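Right, one structure below, let's go through it.
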Amino acid sequence: MFSKRRYNRKKGTRRHVRRPSKKNRILRPPTVINTVEKPTFDASGCLVYLWQYIAPKIAASSSVGLKNVTSLRQLCAYQVALNAEALSSEYLQLAPWSCWEHVWKHILAMGKDSPDIFRMFAKEFGKQPSFWCHQMTLGLNHLDADPRAQALEWALIPGSKKHRMENVFSNVSVSDVVAFVAKLDCSVVVECSNVDNFTAPQLISLACLPNLVALDLSGNNLVDDQFLYTLRLCLTSKDLKLKILRISSCENVTKRGVASLLAADVLSPLCYVESDINMITTSTFVQKFLDTPAIADHDPVANTKWKLLNEAVQTTLQVAHYSLPYKLQYLLRNSDLVDIPSMIWDIKFFSETIDILNSKSAAESYQESWAKRLRSAKMRSAYVPYCYLKDPDQVIVPEVKSKPPVERVLPFSRQGTKDTRASKPTIRKPKAIKIDAKSFFGM
6 MFSKRRYNRK KGTRRHVRRP SKKNRILRPP TVINTVEKPT FDASGCLVYL
56 WQYIAPKIAA SSSVGLKNVT SLRQLCAYQV ALNAEALSSE YLQLAPWSCW
106 EHVWKHILAM GKDSPDIFRM FAKEFGKQPS FWCHQMTLGL NHLDADPRAQ
156 ALEWALIPGS KKHRMENVFS NVSVSDVVAF VAKLDCSVVV ECSNVDNFTA
206 PQLISLACLP NLVALDLSGN NLVDDQFLYT LRLCLTSKDL KLKILRISSC
256 ENVTKRGVAS LLAADVLSPL CYVESDINMI TTSTFVQKFL DTPAIADHDP
306 VANTKWKLLN EAVQTTLQVA HYSLPYKLQY LLRNSDLVDI PSMIWDIKFF
356 SETIDILNSK SAAESYQESW AKRLRSAKMR SAYVPYCYLK DPDQVIVPEV
406 KSKPPVERVL PFSRQGTKDT RASKPTIRKP KAIKIDAKSF FGM
């Protein structure tokens with residue numbers, strides 16, 4: 006018991022080590038290292054800008070919203086909104102929506118709701134009933150409002166809080182746009198009408214967005230029959246949600262390409278297509294060949310479960326003039342083909358480029374883009390394309406093919422020679438009648 010210890014203690018006083026206590030410790034999210042990406046250039050030589058970090062109001066005023074600050078909570082929310090670029094998803098997870106709601110309202114009022122900040126808030130609090138995608142405080146008669154506010158008043162779905170609109174210019178990386186938008190659980194609407202700056206693979210990558218529900222490729226020369234074949238293969242082999250497709254004013258699209266797109270009606274999620282191609286040969290097809298009364302509202306497309314909406318019906322005219330989000334709302338309310346459980350992210354591409362290094366020029370470009378959206382929302386084209394709607398309960402009508410006409414082959418004559426058969430008909434010689442017996446028996 007009192008024997009010598011088996012080990013020799015080191016000389017000197019022992020240093021007291023105390024375990025650190027976790028009591029009253031402030032929880033902080035891990036520091037995020039921001040990596041600066043190298044600038045890239047597109048085919049036109051313009052600098053590719055990072056659209057997801059550009060605020061709608063580039064020259065936003067820091068004094069916006071000070072008159073509405075009435076409490077300490079509002080003051081804190083206002084100061085956090087001023088530094089919205091420094092926020093991360095880890096910060097949003099530390100407090101409920103009741104705290105971050107005031108911050109989000111100030112961000113909308115300041116115009117600092119860039120696509121990156123919107124996606125961050127929508128990913129955490131997008132399902133909250135009081136979450137607004139835009140600040141709606143103006144009226145239609147507010148003449149002093151900027152073009153963006155007026156365009157939002159005209160183009161947004163009335164009474165819908167879950168409708169977000171973005172403008173994107175052509176000098177952008179399409180792969181970055183696809184990767185960025187795919188990370189949010191929402192219904193994406195993409196409009197690429199009259200945009201010839203993209204390549205066919207880039208358009209296919211946009212069409213293959215997993216959360217894309219509506220796509221407008223009108224007036225694009227890259228859209229042809231081969232493009233529709235590739236799109237059909239993607240729709241039937243991948244888990245996509247594309248419901249609406251507009252391919253009107255595409256000069257390289259023929260009847261064969263539209264027929265191949267409509268033929269994949271079983272595996273394809275498409276339910277509404279607009280095109281310049283008429284797939285109905287005669288308006289009284291059913292009445293002539295199947296001896297059934299003609300349908301007033303639509304005509305069935307042969308060998309498919311699609312029907313052509315009658316342009317004489319007022320409902321067809323309204324749907325044809327609607328924008329893509331309005332078409333979704335109409336199909337959602339009047340059919341079982343569309344289901345939109347989440348918010349709508351409306352993205353429109355413009356053929357113009359933007360110089361983001363010049364803040365004044367960039368602000369003017371954004372104002373002009375919103376002015377174009379305002380004009381497109383106010384004015385409607387008188388042209389009505391052919392509208393095709395899928396009907397799962399429709400009986401497939403076979404296509405009746407008429408026999409080809411019999412063609413007579415004319416006699417061929419070599420150039421420089423005379424063909425007697427072609428000049429005059431052949432005349433048979435009459436048979437000689439033998440009268441005497443000697444000539445008959447050859448004697």
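Just so you know, we're using the numbering used here here: the sequence shown kicks off at 6 and counts up by one.
Cβ atoms here follow ideal geometry from the backbone N, Cα and C, with glycine treated the same way.
Computed from a prediction, not measured in an experiment: that's the story for all the values here.
According to the DSSP assignment, LEU394 belongs to the beta strand (DSSP E) that extends over 391-395.
DSSP lists LEU313 as the beta-bridge partner residues of ASP304.
Distance from the Cα of ASP281 is smallest, within the candidate group MET384, LEU211, ALA325 and ASP244, for ALA325.
Comparing alpha carbon positions, the residue from THR241, LEU208 and ALA268 closest to ASP229 is LEU208. Within the DSSP bridge table, the entry for PHE174 names PHE355 as partners.
Check the Cα spacing between VAL263 and each of GLN98, CYS392, GLU171 and ASP201: the tightest is with CYS392.
Take ARG169, set aside five residues on each side of it, and the residues of its chain with a beta-carbon closer than 6 Å to its own are CYS138 and TRP350, in chain order. Residue state for ILE249 is assigned as strand, using DSSP reduced to three classes. Here PRO397 is exposed. Its C-beta has fewer than 16 other C-beta atoms within 10 Å.
Per DSSP, the continuous alpha helix (DSSP H) segment holding GLU369 begins and ends at 364-383.
Residue range 179-186 is occupied by the alpha helix (DSSP H) that includes ASP181. Only residues of its own chain outside the window of five on either side were considered, and among them LEU97 have a CB closer than 6 Å to the CB of GLU129, listed in chain order. Going by DSSP, TYR335 is part of the alpha helix (DSSP H) stretching over 329-339. In the DSSP assignment, ALA219 is bridged to VAL194 and ILE249. If you draw a straight line from the Cα of LYS167 to the Cα of PRO403, it is about 43 Å long. In this structure, ASN88 sits away from PHE355, with a CB-CB distance that is not shorter than 8 Å. C-alpha of ASN339 to C-alpha of TRP56: approximately 36 Å in a straight line. Contact annotation, LEU247 with ALA212: C-beta distance approximately 7 Å; criterion of less than 8 Å satisfied. DSSP, read as helix, strand or coil, puts HIS326 in helix.
Judged by beta-carbon spacing, MET284 lies beyond the 8 Å limit of VAL258, meaning their Cβ atoms are not closer than that value. Here the C-alpha atom of LEU217 lies approximately 31 Å from the C-alpha atom of ALA100.
Under the DSSP assignment, TYR277 falls outside any alpha helix (DSSP H), being part of the beta strand (DSSP E) whose first and last residues are 277-280. From the listed residues GLN84, SER273 and SER119, the smallest Cα separation to VAL108 is found for GLN84. Taking C-beta atoms as the reference points, ASN225 and VAL200 count as a pair closer than 8 Å. One alpha carbon belongs to TYR234, the other to SER265, and they sit about 7 Å apart. Taking every protein chain shown into account, the CB of ILE252 has 16 or more other CB atoms within 10 angstroms, so this residue is buried.
Taking 8 Å as the cut-off, the Cβ atoms of CYS276 and LEU336 count as close. For LEU157, the CB contacts under 6 Å within the same chain, skipping 5 residues up- and downstream, are HIS139 in chain order. In this structure, THR309 lies away from LEU272, with their beta-carbon atoms at least 8 Å apart. One thing to note: GLN399 has its Cβ no nearer than 8 Å to the Cβ of LYS260. In summary, TYR58 is exposed, with fewer than 16 beta-carbon neighbours lying within 10 Å of its beta-carbon over all protein chains present. DSSP places MET141 in no alpha helix (DSSP H); its state is neither H nor E. Scanning its chain for C-beta atoms nearer than 7 Å, with the 5 sequence neighbours on each side dropped, one finds around VAL183 the residues SER210, LEU211 and LEU214, in chain order. Per DSSP, the unbroken alpha helix (DSSP H) holding TYR83 starts and ends at 77-87.
Ranked by how close their Cα comes to the Cα of GLN133, the residues CYS81, SER93, SER347 and MET115 have SER347 in first place.
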